[in-house]
Structures are given as C-alpha cells and as structure tokens.
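Protein chains in written order, with our numbering: chain A, 15 to 128; chain B, 123 to 233. All C-beta atoms in this analysis are idealised placements derived from N, C-alpha and C, irrespective of residue type, glycine included. Okay, structure first, notes after.
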C-alpha cells in the first residue's frame, strides 16, 4: 500500500473520444508524475507536476495534458484518443523533487481504446 | 536519458541469495541510483536507493562500486514473491529527476 490511489482502474473508450484519469497522491507529497506503460514495455514518462505547475514533459503530444490541484491531487487528460493510447497509466508521487526522495506508484488505470 | 545496462533475465532458486547487476558508466556526482520492481499488472514498487554508500533496508541491500559506475541489488533470500522485473534507474538533475525505465531484468525464482 503506497498511499497513491488512481481511478478508474479500468475503462474502455472509443477512438476519438477524450478521457480523464485521476490520481490522489500520498499525503503531503507535492510532486506528481504520470507514466504510460504499453503492454510488454517499461513505463514511459509523460510529465511531472510540482506545486501545481508542469515541471518536465516527456515525448508525448499536446493532446496529453494534466492538472495538479491545491491539495496536490492530479488529473491526466487525453484528447482525440488513438488505438495506440491503449496502455496502463501510472501515477506516482514524491515528497518533493529531490533526487534522493522515494517515488511511490499507484496501481494504475488500464485504458483500452477500441 | 540517463542510461543503465542490466541483464535481460536472471534465475534463482528459492531461499538463495540473488545479485542483480547494473552498469551506469555515465553517472555523475549528484545522480542517485534507484531500484524498482514490477509484478505483472501492478504498478512499480520501490525497492531501494543510494548515492555513494551501500544501503540496507528490509527488502534488499544495494552495493555501490567505489567509482559508482556500477551497482548490485542483493536479495538475501529469494522468495517466489520476488519474481518480477527489476529496474535500475538513475535519477539525475538534468532530467528533473524523472525515472527512465529501461528493459529491466526479469527475475525468475524456482521453488
């Protein structure tokens, strides 16, 4: 139990639709990052939020966007869904951006795009 | 991306020690070495991390070479539950601390 909770756990969307995934970070953690994990591959960094500001972005198109709220919970939004967006989406939180801090992951949201 | 090199797979018998190696020859002075593991259909699980000195916790030990260009994750007594993909990751300031997951090492534990 990492204290990072994600919802929904599973969902199915149609190509072209939009999806919002939610993450509640561990208490007191002001840094949240999102990762995409396609089947059979390692997680890929999407972006990171620190104190409500985007603080680093991976190689993902602008249709992947996010928010971090004052209570440090976060959302990942994906517009114009494509079949290749089918993946496990992981949220992770840490106390702050320090390199020596532990990053804790949630169990993920499984997205299937049909 | 800060690169690490790990064997694709390793095997062990239950209750035996396991030494998982990792090379990170491009490590810089402020980079931390982190290890995570992932079971099928689950999120990655933190195992251990260190900077320069060897580290121990309830799950494992991390042995860091003197030149910091390699490290070894040590599971003292493997159990079936330890079967997972193990990722050795450098957290660097140049990439704002993001975790770069390579292919990892698939550890198989035999009963």
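Residue contact check for residue 118 of chain A against chain B: a CB pair falls below 8 Å. Closer than 8 Å to the CB of residue 129 of chain B there is not a single CB belonging to chain A. Nearest CB-CB separation between residue 171 of chain B and chain A: below the 8 Å threshold. Not a single CB atom of chain B sits nearer than 8 Å to the CB of residue 29 of chain A.
Residues of chain B whose Cβ lies closer than 9 Å to the Cβ of residue 70 of chain A are, in chain order, 217, 218, 219, 220.
The beta strand (DSSP E) runs lying completely inside the stretch 36-119 of chain A and spanning 3 residues or more are 45-51, 58-64, 67-71, 78-82, 88-92, 101-108, given in chain order.
Counting C-beta pairs closer than 8 Å gives fewer than three between the stretch 28-46 of chain A and the stretch 127-135 of chain B, which falls short of the contact rule.
Secondary structure of residue 217 of chain B (DSSP, three-state): helix. Among the residues of chain B, those whose CB is under 7 Å from the CB of residue 62 of chain A are 218, 220, following chain order.
Proximity to residue 127 of chain B across B:208, B:137, B:220, B:185 peaks at B:208, based on C-alpha coordinates. As computed with DSSP, residue 160 of chain B is found in a beta bridge with B:207.
With respect to the C-alpha of residue 54 of chain A, the residue from A:122, A:101, A:107, A:86 having the closest C-alpha is A:101.
For the pair residue 125 of chain A and residue 24 of chain A, the Cα-to-Cα distance works out to about 6 Å.
Under a criterion of Cβ atoms nearer than 8 Å, the residues of chain A adjacent to residue 224 of chain B are, in order, 56. Judged by DSSP in its simplified three-state form, residue 173 of chain B adopts coil rather than helix or strand.
The C-beta of residue 228 of chain B comes no closer than 8 Å to any C-beta of chain A. Under a 10 Å Cβ-count criterion, residue 83 of chain A is classified as exposed, with fewer than 16 other Cβ atoms of the shown protein chains found around its own Cβ. Under DSSP, residue 197 of chain B takes part in a beta bridge, and its partners are B:140. The residues 40, 118, 119, 120, in chain order, have a CB closer than 8 Å to that of residue 16 of chain A in the same chain once the five nearest residues on each side in sequence are set aside. The beta carbon of residue 70 of chain A sits closer than 6 Å to those of 62, all from its chain and outside the five residues before and after it, given in chain order.
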